[in-house]
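A.B. asks: Under the numbering used here, the first residue of the sequence shown carries the number 1, and numbering increases by one thereafter. Glycine included, every Cβ here is placed at the ideal spot set by N, Cα and C. Bear in mind that the values here come from a model prediction, so they are computed numbers and not experimental data. Got a structure for you, questions after.
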Amino acid sequence: MNGFHVEASVRGFKLTIDEPESLGGSNKGPNPVELLLISLGSCQCIVFQVYASELGINIKRLSVTVDGELDPKGFLGISQVQAGFTDIKYTIDIETDADPERVKRLKELVELHCPVLSTLTTPAKITSSLRVNGEVVY
Numbered sequence: 001m002n003g004f005h006v007e008a009s010v011r012g013f014k015l016t017i018d019e020p021e022s023l024g025g026s027n028k029g030p031n032p033v034e035l036l037l038i039s040l041g042s043c044q045c046i047v048f049q050v051y052a053s054e055l056g057i058n059i060k061r062l063s064v065t066v067d068g069e070l071d072p073k074g075f076l077g078i079s080q081v082q083a084g085f086t087d088i089k090y091t092i093d094i095e096t097d098a099d100p101e102r103v104k105r106l107k108e109l110v111e112l113h114c115p116v117l118s119t120l121t122t123p124a125k126i127t128s129s130l131r132v133n134g135e136v137v138y
């Protein structure tokens, strides 16, 4: 272990996850809650492109900005407040020649079919187990 610095991998890609110095980390990468927001924004962008293509909408430029309200006192155990986000907001900025009504329909399809948004709004069942020195104890 090296402080809060975590090296993770998925499908052969390596990710560096860390906390900012203000929370005791070494600021070598985004922290897990920042990655959650990044996941939402990037998933929205991908799903936008999928359904824009299906609807014949040409996207010239697309960005999604995501912000979340989180009280670090919950994470740090200083207070009984929720440890996770209490509010997440995102703004979609799109440049296209398409009619705004068609773009609204596109947004509705994205919100219906975005896996990350769906997981955040209708949480998945999560199970855990614990191994200590290779033995399952929980």
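Can you check whether the CB of PHE48 is closer than 8 Å to the CB of GLY24?
C.D. replies: Stepping through the sequence shown from its first residue, residue 24 is reached at position 24. Stepping through the sequence shown from its first residue, residue 48 is reached at position 48. Contact: no.
A.B. asks: Mind checking who GLY68 pairs with in its DSSP beta bridge?
C.D. replies: As a working note, residue 68 is residue 68 in the sequence shown. ILE88, per the DSSP bridge assignment.
A.B. asks: Compute the beta-carbon to beta-carbon distance between VAL116 and ILE92, rounded to the nearest angstrom, for a pair I have assumed lies under 8 Å.
C.D. replies: Stepping through the sequence shown from its first residue, residue 116 is reached at position 116. Stepping through the sequence shown from its first residue, residue 92 is reached at position 92. Contact doesn't hold; Cβ gap of about 14 Å is too wide.
A.B. asks: Whole angstroms is fine: what's the gap from PHE85's alpha carbon to PRO72's?
C.D. replies: Taking the sequence shown and counting its residues from 1, one reaches residue 85 at position 85. Taking the sequence shown and counting its residues from 1, one reaches residue 72 at position 72. When only Cα atoms are considered, PHE85 and PRO72 end up about 10 Å apart.
A.B. asks: Once DSSP output is grouped into helix, strand and coil, what is the label at VAL33?
C.D. replies: Translated into the one-based positions of the sequence shown, residue 33 becomes position 33. Helix at VAL33.
A.B. asks: Mind the definition here: the region 74-89 touches the region 101-112 only if three or more C-beta pairs lie below 8 Å; say whether that holds.
C.D. replies: Result no; under three Cβ-Cβ pairs closer than 8 Å.
A.B. asks: Considering only the beta carbon of each residue, do ALA52 and ILE46 sit closer than 8 Å?
C.D. replies: By 1-based counting over the sequence shown, the position of residue 52 is 52. By 1-based counting over the sequence shown, the position of residue 46 is 46. Their beta carbons are not under 8 Å apart, which means ALA52 does not touch ILE46 by this criterion.
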